[in-house]
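A quick write-up on the structure given underneath.
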Amino acid sequence: MTEATKTLGQDLKKQLEKVAKKPMKKKLRIHMRKQVMLQRIPKKRSGEPDIIKQ
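Residue numbers 696 to 749, in my numbering, belong to the letters of the sequence shown in order.
Structure below.
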């Protein structure tokens, strides 16, 4: 786990918390949910750091 991916994960969490507090458009809400789901599924894409394991 590198520092970069650690801070990236924290930034994502902060963004999610911010967005969760605001009323938001349905499309955006679905998009955020998809993003979270993608993070949970440990799928390796070529050249991407593994953010799932923390």
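Backbone N, C-alpha and C define an ideal beta-carbon position, used for all residues, glycine too.
*Using three-state DSSP, classify Lys-713 as helix, strand or coil.*
helix
*asked:* I need the straight-line Cα distance from Val-666 to Lys-701, nearest angstrom please.
replied: The structure shown has nothing for residue 666, since the chain only spans 696 to 749.
*Return helix, strand or coil for Lys-722, following the three-state DSSP convention.*
Residue state, collapsed to three classes: helix.
*I think Met-727 touches Leu-703, with their Cβ atoms under 8 angstroms apart; what is that distance to the nearest whole Å?*
Between Leu-703 and Met-727 the Cβ distance is about 16 angstroms, and since that is not below 8 angstroms, they are no contact.
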